[in-house]
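Numbering (this note's numbering), first residue to last: 115 to 203.
A virtual CB, placed ideally from N, CA and C, is assigned to each residue, including glycine.
Down below is the structure, laid out as structure tokens.
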């Protein structure tokens with residue numbers, strides 16, 4: 115028995131394949147992006163870890179950080195952080 119080519123089934127299968135390919139590609143992209151979105155902060159950012167890694171009796175250090183809530187000029191924030199860190203020394 116000879117099978118007859120059915121264009122509707124072919125079209126349906128093509129749509130299913132496109133959906134599957136789209137699903138796999140989007141899953142791959144979003145799974146790889148999650149690593150960038152959940153990036154870990156360095157250990158020295160937290161006070162407890164910083165003092166454990168760099169004890170005060172061995173290292174002279176000053177640390178300061180600020181959050182830019184009001185779209186302040188970045189250079190002004192850096193200067194303020196540098197001044198605060200110098201004052202801690």
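Taking one C-beta from the region 171–184 and one from the region 195–202 each time, how about it: are there three or more such pairs within less than 8 Å?
-> yes
Give me the Cα-Cα distance between residue 182 and residue 164, rounded to the nearest whole angstrom.
-> 23 Å
Output the boundary residues of the alpha helix (DSSP H) element that contains residue 198.
-> 188–202
Residue 203 and residue 174 closer than 8 Å at C-beta | yes
Hey, quick one: how far does the alpha helix (DSSP H) through residue 155 stretch, first residue to last?
-> That residue, residue 155, is in no alpha helix (DSSP H); it is neither H nor E in DSSP.
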